[in-house]
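Residue numbers (the numbering used here): 6 to 791.
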């Protein structure tokens, strides 16, 4: 008897949450009822408890104090999750699993906290952010209609294996996070080797702790046209709990977001695919997202296709988290599952906060809804009102964000077809921008991109086996979002390749569609489990052998022809085409054969990429981090790391007012002063104070001054030479007149001096009062008698 694949036994509609309602609040009668209730509760919460305990162990071993863990945990549960979950129950009822309800409650808590904190900070009372959870508790305790939401009632029940599978997925993310913790310390000088963007993120948290509307703290007066809502969450949490922003940023803050994101993506996958096992495969594919790696040596960041969860880009994580409930609610609204006004209001709240969480999500959402609208107009000759309303809400939020939050600033984003291919060619060859690639080389690299994406999401073709599935609003929405992400990647340009965030944002939803298509194919072809495993295994081994036998190592050696870059992809193409030719030649081009080939090619994506990583580690040929290869992120020079800056920064934070302005002579990354890499932000980050001029690369003005093919964005000169000259004169040519101008003209009250950069006889102390010295740093106050 043939053993069938688990995917083959799934049928559309096999998962109907309302058919699996379990009366959680009712217990069986009899003397053992209490015991059964406790046992049921124990097994229900055991997966969550296990992963929580594991997380606590990892955090404790990574330098986080018990007080910080406890304070953060209490605020997250009581100040965000529980009040948010009560509102979710009142709006959506009990149509979601417990894990989904908890996750939706947490995300809604984030959203309302952000909106509340903006108002509280604007009136100078940041702790008023606590008004919303207190008011929520009061309402749900006193209003009779709301009081029933405290009770456990009937809800869809997830299988036990599903709960453990999600817990293991979250556990993997905790282990993955631990590797980040090792390279991002909480103490100095190890902190100096942190990810290069840590001081930038930290400075924005400090800015939102003390100011609203915010500006760029490294350049006083420069507007912050950026998706800054994440930093309001960190600022509010720091005010309420007393936990240092640094601990929130590089240890605690993102872990609950990862967990909620996993649960919500799995819920979306389950609704689209109608299968618990396939939804699990989809969420694992989203979390472990990886593209084929057919080269030896250094991997490129673009071909690696990073997933949406990220410590390096916390705004991407926060944006993806706020975006997931938007997609979840739209699936229900567009498929006519719920049209109540309160659901639309809930969608509006998530849209508004997603608007300022990450700039890349609303454009792809508009593209997805536009796709739904276009298909409806063609098939039904009319537009359904839910589609119109959803698209209108999205466009309104998008326009508000562009005009108000982002101030019409393009932030370096420009129309530049195939610029990503040009940049990738430079990284693969090791020539970067020193040589202009030929047109043929650019087209070739662009085709390699297409090949990578095709392999990763080839399963989407399986939707053609059931054409009706392509007409589902959820599928159309995700297809439109994915097409917009790919289009942005190919046709836009940015100095940091930030156009890749559009594709990254749509990645989880393309993964869901790919698994959906594969599920339909495997089921219709009735493949056995053995055939599925064999197809995937052969594909993984074949991909690894292509990498090994072609032996192309990147970056290429000097003088090596760039033609060898295409050799592995030509081999992959041949392996893909030959079976198709054989099928047609032998007359066996049936559905089963096509399914085997698609499984074979799909396995060259994520499965083969992870197989390659494991084998490369065993072979001690692990590719080096893309950070140093990619060009824009310089390695930290240990000898250039100063001493005493953390202590000095904390002293100034404690002995100055938030509105007082600081001047510094530190403008460039340590060790990269000539030419100057202007990504310096440690003074603003550690003092939580605005600086007249520190580093300027992250500013809208600097990014808008960048031109494709021109000077590197981190090497552009500061645009206000007069301000910079006056600032530097206070350190290198101090005089009473200079100090007076800084104080009277710009409002500078403090000098934060890196004494390594000034001559011993500069005599700053003759014109400003020395207040503190630590290691290589001294702090002076101006505007007071010396």
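Even glycine gets a Cβ: it sits at the ideal position worked out from N, Cα and C.
Best match in 358, 127 and 449 for proximity to residue 3 [C-alpha to C-alpha]: The structure shown does not extend to residue 3, since the chain is modelled only from 6 through 791, so no value can be given for it.
Sequence-distant residues of the same chain with beta carbon closer than 7 angstroms to residue 551, five excluded per side: The answer, listed in chain order, is 299, 573, 576 and 577.
Residue-level contact to chain B via CB, residue 695, 8 angstroms cutoff: Any reference to chain B falls outside this structure, which holds one protein chain only.
What ranges does the alpha helix (DSSP H) occupy inside the segment 269-335, keeping only unbroken runs of at least 4 residues that lie completely in it? DSSP assignment within the segment 269-335 yields the following whole alpha helix (DSSP H) runs of 4 residues or more, N-terminal first: 281-292 and 306-309.
Cβ separation of residue 86 and residue 64, assumed to be a contact under 8 angstroms, to the nearest whole Å: That pair is no contact at about 18 angstroms.
How long is the line joining the alpha carbons of residue 772 and residue 731, rounded to whole angstroms? Approximately 15 angstroms, taken between the alpha carbons.
Less than 8 angstroms between the beta carbons of residue 376 and residue 482, yes or no? In contact: residue 376 and residue 482 (Cβ atoms closer than 8 angstroms).
Counted within 10 angstroms of its Cβ, other Cβ atoms place residue 590 as buried (16 or more) or exposed: Flag for residue 590 reads exposed.
Within its chain, find whatever has a CB closer than 8 angstroms to the CB of residue 394; leave out the 5 residues flanking it on each side and keep chain order. The beta carbon of residue 394 sits closer than 8 angstroms to those of 349, all from its chain and outside the five residues before and after it, given in chain order.
Determine whether the beta carbon atoms of residue 369 and residue 516 lie at a separation below 8 angstroms. In this structure, residue 516 does not lie closer than 8 angstroms to residue 369 by Cβ.
Could you check where the beta strand (DSSP E) with residue 754 kicks off and where it finishes? Going by DSSP, residue 754 is part of the beta strand (DSSP E) stretching over 753-759.
8 angstroms contact criterion, which residue 252 and residue 69 should meet: CB distance rounded: Yes, residue 252 and residue 69 are in contact; Cβ-Cβ is about 6 angstroms, under 8 angstroms.
Beta-carbon contacts of residue 190 that lie in its chain and below 6 angstroms, excluding the five residues immediately before and after: In chain order, 196 place their CB closer than 6 angstroms to the CB of residue 190, counting only its own chain and leaving out the 5 sequence neighbours on each side.
For residue 701, collect the residues of the same chain with a Cβ closer than 6 angstroms to its Cβ; drop the 5 residues on either side in sequence, then sort them by chain order. Closer than 6 angstroms at Cβ, skipping near neighbours: 224, 683, 707 and 723.
Using the Cβ count rule (16 or more neighbours within 10 Å means buried), how would you classify residue 603? With 16 or more other CB atoms across the displayed protein chains lying within 10 angstroms of its CB, residue 603 is buried.
In whole angstroms, what is the alpha-carbon distance linking residue 596 and residue 384? It is roughly 28 angstroms from the alpha-carbon of residue 596 to the alpha-carbon of residue 384.
For residue 250, count the other beta carbons within 10 Å of its own beta carbon; 16 or more makes it buried, fewer makes it exposed. Which is it? Buried, by the Cβ-count rule.
Taking 6 angstroms as the limit between beta carbons, can you name the residues of its chain near residue 540, skipping five residues before and five after? So the list reads 601, 604 and 605, once near-sequence residues are dropped.
Beta-carbon spacing of residue 512, residue 313 below 8 angstroms: In this structure, residue 313 lies closer than 8 angstroms to residue 512 by Cβ.
Coil, strand or helix - residue 84 by DSSP: The answer is helix: DSSP assigns residue 84 an H, G or I state.
Does residue 610 come out as helix, strand or coil in the three-state DSSP assignment? In the structure shown, residue 610 sits in coil (DSSP, three-state: anything other than H, G, I, E or B).
Simplified DSSP state of residue 785, which is helix, strand or coil: The answer is strand: DSSP assigns residue 785 an E or B state.
Find the nearest neighbour of residue 531 within the set 598, 420 and 502, judged by alpha-carbon distance. Per the Cα distances, 598.
Could you name the residues of the same chain whose beta carbon sits closer than 6 angstroms to that of residue 117, not counting the 5 residues immediately before and after it, in chain order? The residues are 137.
Identified DSSP bridge partners for residue 668: 756.
Among the candidates 659, 535, 545 and 440, whose CA atom is the shortest distance from the CA of residue 428? Of the listed residues, the one whose Cα sits closest to residue 428 is 440.
What is the C-beta distance between residue 537 and residue 546, in whole angstroms, given that I count them as a contact (C-beta under 8 angstroms)? Residue 546 and residue 537 do not touch by the CB rule: their CB atoms are close to 15 angstroms apart, not below 8 angstroms.
May I ask you to report which of helix, strand or coil DSSP gives residue 259? Residue 259: coil per DSSP, three-state reduction.
DSSP three-state label for residue 779, please. Of the three classes helix, strand and coil, the one that applies to residue 779 here is strand, per DSSP.
DSSP three-state label for residue 597, please. Residue state, collapsed to three classes: helix.
Length of the line joining the Cα atoms of residue 352 and residue 90: When rounded, the distance between both Cα atoms is 15 angstroms.
Identity of the residue in 100, 134 and 115 nearest residue 162 by Cα: It is 100.
Beta-carbon separation of residue 649 and residue 779 under 8 angstroms? Closer than 8 angstroms, so yes.
Three-state secondary structure assigned by DSSP to residue 553: Correct three-state label for residue 553: helix.
Outcome for residue 476 when other beta-carbon atoms lying within 10 angstroms are tallied against a minimum of 16: Residue 476 comes out exposed.
In the DSSP assignment, find the unbroken alpha helix (DSSP H) run with residue 644 in it and report its ends. DSSP places residue 644 in no alpha helix (DSSP H); its state is neither H nor E.
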